[in-house]
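Counting from 1 along the sequence shown, just add 1495 to a position and that's the residue number in our numbering.
Glycine included, C-beta positions come from ideal geometry on N, C-alpha and C.
In this text, all values refer to a predicted model and were calculated from it rather than measured experimentally.
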Amino acid sequence: MTDIKWVKNHLEVKPTKKPKKITGTRFATILGLNPWSTQFEIWCAITRTYEKPFEDTVYTKAGKIIEPKQAEYMRESYMMDNLVTPTDVFGEDYFHKTWGDFFPESKHLGGMWDYLLYEDGKPTTVLEMKTTKRSEDWAEDVPEYYALQAALYAYLLDVDDVIMVCSFLEPNDYAHPEKFTPNINNTITVEFSLSERYPNFANKVEYVENWWSTFVETGISPDYDEKRDLEILDALSSVSVTPDKNLSEIIAEAAKIKATLDEVKSQYKESEKRLKTLESEIKSRSREMLTDNVDKVTLSGAGYTWTYSKTVKAIETFDTDLMAKDGVLNKYRNVENTESYRLTSKKD
């Protein structure tokens, strides 16, 4: 996390020298076509301002386990002997070798494709594997944010054909993904041509490149959404200390803030003391208003509402000596009522 300047509806940071690249999912989000993410969230990740911590879920775990099964299903059912994996291209431990970017020649665009079809030593088709419990999302067509993800990789590879493979899972499949077997009843394939589905795909790339220039290179974020980006805004609202600050600078800043707080506390010390006295009197007088039929008193005035309430709680006690002697747990059970009182206030 870096130093942040809060401006109305957006943030400003010092442009990072090593921003993250725009992957397939980020590509669709920047175009405003991913309902699960926002441009502000993507900007935070790309500029390394903040990124939500990744945690494996039953959905991501199932996807990882089932994806190789989908590839084998395509090999066997569609005679795809020329199906190529990332390991075939980049070798074992390919993620750490590529750092999750299969397109080093592209300055801003990147990501990882799932599988490819090769002919004559060159890629011809991109295969993108998905698993979901939301079959309704695929009823009419491939969800656009998924199609754009595969389309970006096809564009960067300079190929035209894309095959989307999606398996529809039941709850038990998430519990035991190792038992799932793709077949014609639970797995579909949707093919499309990049040039036909997106005849102006280069325009989308240009839009995203302009977005990069506008927001990433300047360090000025897109406007955030206070509801959709609430989790990120809450995380960023805490003050961060940048790694380049030395200890003396940190101590100096901490001392300055502490001095300010101490001064404020001293100014309000007498007021706090007086407030306790007044609240004690409010409690005393409110208690006189309580009766057997009235267990809460509400007083309003000067912009605040004061509420004094009584709570009756039943407490069970047991005579352990008699219980031990008689050998019966509940025979000598006693129930007593105790009363507690509480005063609360809130601003009107």
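Compute the distance between the beta-carbons of residue i and residue j, then report whether it is under 8 Å.
i        : j        : result
Tyr-1554 : Tyr-1669 : yes
Ile-1561 : Pro-1672 : yes
Thr-1793 : Thr-1800 : yes
Phe-1585 : Asp-1724 : no
Ser-1716 : His-1505 : yes
Thr-1619 : Ile-1658 : no
Val-1703 : Ile-1525 : yes
Ser-1804 : Lys-1791 : yes
Met-1624 : Asp-1636 : no
Ala-1730 : Thr-1626 : no
Given this structure, state the Cα-to-Cα distance separating residue i from residue j, to the nearest angstrom.
i        : j        : result
Lys-1751 : Ile-1499 : 19 Å
Ser-1662 : Asp-1632 : 12 Å
Ile-1541 : Thr-1511 : 9 Å
Asn-1529 : Val-1654 : 24 Å
Gly-1595 : Met-1575 : 25 Å
Met-1784 : Met-1818 : 42 Å
Pro-1666 : Ala-1523 : 28 Å
Glu-1767 : Ala-1747 : 29 Å
Thr-1544 : Thr-1552 : 24 Å
Asp-1583 : Lys-1617 : 13 Å
Ala-1646 : Glu-1550 : 27 Å
Leu-1859 : Leu-1756 : Nothing about residue 1859 can be reported from this structure: the residues present for the chain run from 1496 to 1843 only.
Thr-1593 : Glu-1721 : 36 Å
Glu-1507 : Ser-1775 : 48 Å
His-1591 : Ser-1601 : 18 Å
Asp-1615 : Asn-1698 : 30 Å
Val-1853 : Val-1759 : Shown here, the chain extends from 1496 to 1843; a query on residue 1853 therefore has no answer.
Glu-1765 : Lys-1771 : 10 Å
Val-1660 : Phe-1597 : 20 Å
Ser-1781 : Leu-1773 : 12 Å
Thr-1678 : Glu-1587 : Note that residue 1678 corresponds to Asn in the displayed sequence, not to Thr. Cα to Cα, the separation comes out at about 29 Å.
Asp-1656 : Lys-1559 : 24 Å
Lys-1753 : Gly-1796 : 35 Å
Glu-1701 : Gln-1762 : 58 Å
Ala-1566 : Pro-1599 : 25 Å
Trp-1501 : Arg-1769 : 37 Å
Measure the beta-carbon distance from residue i to residue j and round it to whole angstroms, keeping in mind my assumption that it falls under 8 Å.
i        : j        : result
Thr-1684 : Lys-1564 : That pair is no contact at about 14 Å.
Tyr-1573 : Pro-1581 : Going by Cβ atoms, the distance from Tyr-1573 to Pro-1581 rounds to 20 Å, so no, they are not a contact pair.
Leu-1689 : Tyr-1650 : 6 Å
Lys-1509 : Gly-1714 : 6 Å
Can you give me the Cβ contacts of residue i inside the same chain, cut-off strictly under 6 Å, excluding the 5 residues immediately before and after it?
i        : result
Val-1579 : Leu-1611 and Tyr-1613
Asp-1739 : Caution applies to Asp-1739, whose pLDDT of 49 falls short of 50 and renders its modelled position unreliable; the model cannot decide the point.
Arg-1864 : Residue numbering for the chain in the displayed model covers 1496 to 1843; residue 1864 lies beyond these limits and cannot be assessed.
Ser-1835 : Thr-1806
Trp-1707 : His-1603
Glu-1686 : Ile-1658
Lys-1628 : Leu-1664
Ordered along the chain, which non-local residues of its own chain (more than five positions away) have a Cβ less than 7 Å from that of residue i?
i        : result
Asn-1681 : Ser-1662 and Phe-1663
Glu-1546 : Cys-1539 and Ala-1540
Glu-1712 : Pro-1510
Phe-1710 : Trp-1538, Ser-1716 and Pro-1717
Ser-1532 : Thr-1524
Ser-1630 : Phe-1663
Tyr-1648 : Gly-1519, Gly-1606, Trp-1608 and Val-1621
For residue i, collect the residues of the same chain with a Cβ closer than 8 Å to its Cβ; drop the 5 residues on either side in sequence, then sort them by chain order.
i        : result
Gly-1527 : Gln-1534
Asp-1816 : none
Ile-1727 : Phe-1535, Glu-1536, Cys-1539, Tyr-1545, Lys-1547 and Tyr-1719
Arg-1837 : Tyr-1803, Ser-1804 and Thr-1806
Arg-1570 : Asp-1576 and Leu-1578
Ile-1777 : Leu-1794, Trp-1801, Tyr-1803 and Leu-1838
Ala-1634 : none
Ser-1743 : none
Please confirm whether any heavy atom of the ligand MG lies closer than 7 Å to the CB of residue i.
i        : result
Ala-1747 : Ligands displayed in this structure: none; no statement on the ligand MG is therefore possible.
Cβ of residue i less than 8 Å from any chain C Cβ?
i        : result
Asn-1504 : Going by chain labels, chain C is absent from the structure shown, which holds only one protein chain.
Three or more C-beta pairs closer than 8 Å, one from the stretch 1603-1618 and one from the stretch 1511-1529: is that the case here? Contact check between the stretch 1603-1618 and the stretch 1511-1529: three or more CB pairs, one atom from each, fall below 8 Å, which counts as touching.
For the stretch 1634-1645 and the stretch 1684-1702, state whether three or more C-beta atom pairs, one from each stretch, are separated by less than 8 Å. Cβ pair count under 8 Å is three or more, so yes.
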